[in-house]
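**Student:** Handing you this structure, nothing more for now.
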Amino acid sequence: MVRSTSLLKATALLGLSQAAAAQNSTTNPWPWQTYRSEPALQPPSLKITQTGDIAEGHLFFDQSGSGGHNYSVFIMSNENELIWEGPYGDISAWRAQTLFGEPVLTFYTGITMPEPYGFGYGAVFIYDQTYKNIYNVTLDQYANGLNLQTFTGWDSSGLTGGSWLDMHEDYITPEGTMFAPAVNVTQTDLTSVGGPVDGWIVDSLFFEIDIKTNEILFQWSHLDHLDEISLASAAPTYPLEDLGLNQTYPWGPFHINSIERFADGGFLISSRHYCSIFKIAKDGSVEWTLNGQTGGSFTLKNGLSFCYQHDARIHAEGNGTALISLFNNDNSGIRSGVNETSGIFLTVNTATWEATLKQELIDPNDTIFAVSQGNVQVLNDGSGHTVIGYGSTPKIKEFNAEGECVFTAQFGEDKIVQSYRNHRYPWVGKPYYAPKAFACDAGNQTEVYMSWNGATENNKWTVFAGASEDALTEKTSVEKTGFETKATFSGSAQFVRVESAGEGIETGNHELYAIDMATHHLATRSHQGGVSDGDWVDVSDGRAQHAATTISESMPERIIRVTTDEKNLNKFYNIKFSATRSHRLERYYNEELDSLFEAPFDRYSQEDKVDFLLLRNYLRRNLRVLLLDRERDELVKPVLPFIQPLIEICEARQSMIPVDSKKTAMILNETAKKIIATTKAIKTNGIKANDSAFSRAMSTIDQIRGHVDETYGFYAPYDPLFPFWCDAPKKELDEALAGIKTAIDTKLIEKNGSGSIRAAVEPIGRSGLITELEAEMIPYTPEELLKLAQEQYDWCEKEMKKASRSVKVGSVRPERSHGSVSGLEVTDAGFGDDWKAAQEYVKNSYVEPGQQPEMVRQLAYEGMAFVKKHDLVTVPEIAGKSLCETWRMFMIDAERQRESPFFLGGSSFWVSYPTAAMDHDLKMMVMRGNNPHFSRATAFHELIPGHRLQLFMGKRHHPYRELFSTPFFVEGWAMYWEFVFWNRGDFFVSPEDKIGTLFWRMHRCARIIFSLKYHLGEMTPQECVDLLVDWVGHERSNAEGEVTRSFGGDYSPLYQAGYMLGALQMHGLREEVLTKGLMGEKELHDKILKANTMPIELLRALLLNQPLSPDTEAQWRFYG
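Numbered according to mature numbering (1 follows the signal peptide of the UniProt record, and there is no 0), the sequence shown spans residues -22 to -1, 1 to 1098.
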């Protein structure tokens, strides 16, 4: 009986979780499952068809490919329930085996190389039933006299365990050894296949390795046996073509993909490209060859034929015969779509030298052409059933003894998801680690979600709860229902403990967790058997004491390291729409997230706990953004079906792989032709897409053209062969890319009109906005925020009307007023409720050309003097000189003013004002939009106490938090001062000044509305411009500049909403602090600045020393 427990603190969920196992959006190629208790686990959802009785056991498969959501290994049930999800990485050769009489799990992990290489470098990991890594099988580059080499320019320093094993096999023998292959890029005479005398080849090797010691007991090399296995016999099925000319693109004809032992000690190996299986004697000589096309040593009988096969296995031997199964791909990158893939059984007879087909397994209702990978597994349970995995086609099929397909499980989209081998095994898992759980307050009851990754024997969950760890009582007991089980009990509790029961593990030796809305595990603490209560953790006040251990890396050090690591990864993997980049970053973020949750959170200071949560949010957000980007890239693929070869050319250049000029020219030439065909299809509506997909396609075209230009510019000046081959194809490519961009642009103009404003970024949708809001710790939906913005706008409009009624004619440039504005007569009551007319009147207060810098300087110093006079915030000195004196002013050039029509600030002040070259109407709009009353509200916003002070303090205090920069803090702080100055009543006094600052507050309300509605797909960029003109009173050119800048690609989706929402959050924090007397106004402001940028909810927790857990989520409803 096993009892393993988890301790939780129950908290309100606030509607953030809605389903125990949710699926991704319908736009993703294939759905996956998620769990509240273990969000990091995300197995694919299986599409299962069963038409007959099937064998017992679970499904074993890995997942990779450009459409693979989670590069991992999985054990899943026939009912689409996860049993175990393993580690993340490039994984192959995944299966269950027996080692020293005990069941184990084995898999290869390392670096896998796509075609034309088709091999890998890594190690084999062996796990026991508790999922502990008990052995690693590795191969040193120089072991046993070897000197293994790879293709030119590849850095082998980062190999898994420094191991050079290939990915294709990890067969465990009864003697406790392992068969595994490797490759070596070397030179040999290729004249027999039409190549050079000193050509480059991928030599295939295999080894028998002692698992305990990694000692090599046997090794074999193809190149040592060319007199028995000639290179010429591979040429018909794997022609040399342009390979073998250099070390960058070697020819790899042998390609071992399975190894097994005959009863006499010889070896059965499968060579994919030779379309052959071989028997290798114990002395390394070749006893026989069975070629699936010519027969080799045998005569082919009963229609036997195979090619490009995988996974040759021996099932019976005797009297010179052997029964062998193999996966007959009969398809490859060279030849596909003609012969159907199948599983076959054959016999070889060395007395008659005949090879005979005994059985071929195909599903007549599902024709498959698997171009790579795959396996055949004969179940040893007496059922006579066979399981087939289809490699590059993500399907598992089971056939009964009569050869009928009775079961199919698909786990990904065809062609973009793949799996090296798939199996069915009985498996008993007894995890050494504790289960995971998630608890939440659901009104008048508590919900608890529980799971135990890898456990197969637990069948019952018991929930204990109470107000403290010493007062827990049993609340409920439920049967296990799939991977994640839900239990509920009446009322609420501060602490919840769950216990899983089943057969097979001794009581005790369990681990306890403190969980608060769990999304990841905490650092675990082992407990000795016999300790019944364990080491309880009270997460309600964070005062639990634990034995001190060494913290190897502080949180600031970790954040600085992540900042540097990510910067370097993004600098190298800079092709934003590359699957290579996406998966590399995904792996990095997952690794960092896993590492983060091993940190000793409960021993951290409040500052370090905040840093932990900042980094957690950052990594999670980046992961979600990667997935959303993949979804959007999938939508663009029909518009850009030609893009991948160009990406591969550029990535080869980035990896410093020597260029094959002739081959590159061929790729450029073929790509240009494909672009022309795609352009024609777009023009004739053969290819259709929405505006977002077309916009993303145009951006992608610009980016790939830049990468291709960089690649071309690298090679052309110094490599004479490169321009010889590539000049003409490159020009054709450039013309084709320009042509397709024009075609897309024409389609957008046809739909939206020639004068419409366009966005450089496409809408991210509601799910994307939710992701951004979660990252910013804003516990509101987009719809709630739209309502908030409308309420704030309505307040502004009421205040505008008040100010409008108070405007006195003559207070603003009487020489321009003449008693009327916009055709309306001005009365003693000012402009009445016609605030737009009053606003027009105020706009005409602009200063004469040449006077704008002085006006801005005076306004800036006015704001600085105001905060110093009223002692509102500390303004530091620099070398005895006030910060107020250390800023500079610059003018914004005419072209940039199209996107930045108002002045900008920060460390310097950038003034927006018309130039002589502008046409008259544009001059007037810019002058009117930058009048003194509008500018008065923004001068202090940009300088002191706004951005200038904020950025300066950020460099002095916690500068590493710049990684977490958020507009809710950066822009929220600056706008917060507009609230403070307004509420004081002694800064914005005149109605003209009130109209000026209300203009900006209305503008921030409108920013929330138009930015959210654009990303929800409810407004076009042109409609956003119209909103700013109609609702706020913007000059049209200024509104166009604002919208163009907002959606120009330099700002995050929530950036424009961050001004008002961040200010409201800070104002809410101010009211809470001052009302309760927790600190003074100046002290609060100084502490905010010293904290540096972060979501305001975490700022509040830091300043008020609120309890935090590793799984703290947004809860603060700061508005309403």
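Glycine included, each C-beta is placed from N, C-alpha and C at the ideal position.
Because the structure is a prediction, the values reported are computed rather than measured.
(1) Under the assumption that Gln339 contacts Gly381 (Cβ atoms under 8 angstroms), give the Cβ distance between them as a whole number of angstroms.
(2) Compare the beta carbon distance of Glu750 and Leu1082 with 8 angstroms and say whether it is the shorter of the two.
(3) In whole angstroms, what separates the C-alpha of Arg598 from that of Thr1090?
(4) Would DSSP call Met54 helix, strand or coil?
(5) Suppose contacts are defined by Cβ-Cβ distances below 8 angstroms. Is Arg608 in contact with Arg674 by that definition?
(6) So what does DSSP say about Arg399, is it helix, strand or coil?
(7) With a 10 Å radius around its C-beta and 16 neighbouring C-beta atoms as the bar for buried, classify Ala984 as buried or exposed.
(8) When DSSP labels each residue in this structure, what does Pro707 get in the three-state scheme?
(9) Taking only runs of the beta strand (DSSP E) that begin and end inside the stretch 246 to 316, which ones reach a length of at least 3 residues, in chain order?
(10) Would you tell me roughly how many angstroms separate the C-alpha atoms of Thr424 and Ala471, rounded to the nearest one?
(11) Could you give the DSSP three-state label for Pro937: helix, strand or coil?
(12) I need the DSSP call for Pro623, collapsed to helix, strand or coil.
(13) What's the C-alpha gap between Thr146 and Ala158?
(14) Is the number of C-beta pairs between the stretch 929 to 940 and the stretch 735 to 746 that are closer than 8 angstroms three or more?
(15) Nearest-angstrom Cα distance between Asn431 and Val349?
(16) Is Met634 helix, strand or coil by DSSP?
(17) What residue does the beta strand (DSSP E) around residue 1099 start on, and which one ends it?
(18) Looking only at C-alpha atoms, which of Leu711, Asn400, Pro698 sits nearest to Ile653?
(19) Leaving out the 5 sequence neighbours to the left and right, which residues in its chain are closer than 8 angstroms to Thr155 when beta-carbon positions are compared?
(20) Can you give, in chain order, each stretch of the alpha helix (DSSP H) that sits fully within the stretch 976 to 1035 and has at least 4 residues?
(21) For Lys729, does the count of other Cβ atoms within 10 angstroms reach 16, so buried, or fall short, so exposed?
(22) Could you spell out the range, first to last residue, of the beta strand (DSSP E) harbouring Asp419?
(23) By the DSSP assignment, the alpha helix (DSSP H) with Arg914 in it spans what residues?
(24) Which first and last residues belong to the alpha helix (DSSP H) in which Asp68 is found?
(25) Hey, could you find the ends of the beta strand (DSSP E) Trp198 is sitting in?
(26) From the DSSP secondary-structure annotation, give me the bridge partner or partners of Ser745.
(27) Is DSSP giving Trp951 helix, strand or coil here?
(28) Take the Cβ of Tyr120 as the centre, count every other Cβ of all protein chains shown within 10 Å, and call the residue buried at 16 or more, exposed below.
(29) For Glu713, is the classification buried or exposed, using 16 other Cβ atoms within 10 angstroms of its Cβ as the cut-off for buried?
(30) So the alpha helix (DSSP H) Trp773 belongs to, where does it begin and stop?
(31) Give me the Cα-Cα distance between Trp405 and Ile26, rounded to the nearest whole angstrom.
(32) On a CA-only basis, which of Glu775, Lys640, Tyr86, Asp811 is nearest Arg783? Give me that one, please.
(33) I need the DSSP call for Leu335, collapsed to helix, strand or coil.
(34) Can you check whether the CB of Pro619 is closer than 8 angstroms to the CB of Ile645?
(35) Which residues mark the beginning and the end of the alpha helix (DSSP H) in which Ile537 is found?
(36) Which class does Arg598 belong to by DSSP, given the choice of helix, strand or coil?
**Tutor:** Judging by the given coordinates:
(1) Here the sequence assigns Leu to residue 339, which means Gln is not the residue at that position. The distance from the Cβ of Leu339 to that of Gly381 is about 6 angstroms, consistent with a contact at the 8 angstroms cut-off.
(2) No, the pair does not count as a contact, with Cβ atoms beyond the cut-off.
(3) Taking the straight line from one Cα to the other gives about 13 angstroms.
(4) Met54 sits in a strand when the DSSP states are folded into three classes.
(5) Contact flag unset, no.
(6) Three-state DSSP puts Arg399 in coil, outside helix and strand.
(7) Ala984 sits buried, since 16 or more C-beta atoms from the chains shown fall within 10 Å of its C-beta.
(8) Three-state result, Pro707: helix.
(9) Qualifying beta strand (DSSP E) stretches, in chain order: 254 to 258, 264 to 269, 277 to 279, 288 to 296, 299 to 306.
(10) Whole-angstrom Cα-Cα distance: 8 angstroms.
(11) Pro937: helix per DSSP, three-state reduction.
(12) Helix, per DSSP.
(13) Just to set this straight, residue 146 is His in the shown sequence, not Thr. Using only the alpha carbons, I get a separation of about 8 angstroms.
(14) Taking 8 angstroms as the limit for Cβ pairs, the verdict is that the stretch 735 to 746 does not touch the stretch 929 to 940.
(15) Cα-Cα distance, rounded: 33 angstroms.
(16) In the three-state scheme derived from DSSP, where H, G and I count as helix and E and B as strand, Met634 is classed as coil.
(17) The shown model of the chain, from -22 to 1098, leaves out residue 1099, and the question about it has no answer.
(18) Proximity to Ile653 across Leu711, Asn400, Pro698 peaks at Leu711, based on C-alpha coordinates.
(19) In chain order, Glu186, Ile187, Asp188, Ile189, Leu195 place their CB closer than 8 angstroms to the CB of Thr155, counting only its own chain and leaving out the 5 sequence neighbours on each side.
(20) As summarised for the stretch 976 to 1035, the continuous alpha helix (DSSP H) elements at least 4 residues long and confined to that stretch are 999 to 1005, 1014 to 1024, given in chain order.
(21) With fewer than 16 other Cβ atoms from the protein chains shown falling within 10 Å of its own Cβ, Lys729 counts as exposed.
(22) Per DSSP, Asp419 belongs to the beta strand (DSSP E) from 414 to 419.
(23) Unbroken alpha helix (DSSP H) run through Arg914: 910 to 920.
(24) Looking at the DSSP string, Asp68 is not in any alpha helix (DSSP H); the run it does join, the beta strand (DSSP E), is 68 to 77.
(25) Trp198 -> beta strand (DSSP E) spans 194 to 199.
(26) Assignment of beta-bridge partners to Ser745 by DSSP yields no partner.
(27) In this structure, DSSP gives Trp951 a helical state, which the three-state scheme calls helix.
(28) Looking at its Cβ environment, which holds fewer than 16 other Cβ atoms inside 10 Å, Tyr120 is exposed.
(29) Exposed, by the Cβ-count rule.
(30) 760 to 784 is the span of the alpha helix (DSSP H), which, as asked, contains Trp773.
(31) Each residue's Cα considered, the two are about 20 angstroms apart.
(32) Closest by alpha carbon: Asp811.
(33) The three-state secondary structure of Leu335, taken from DSSP, is strand.
(34) Going by beta carbons, Ile645 and Pro619 fall outside the 8 angstroms limit.
(35) Taken as a continuous stretch (DSSP letters only), the alpha helix (DSSP H) holding Ile537 covers 533 to 550.
(36) Helix, per DSSP.
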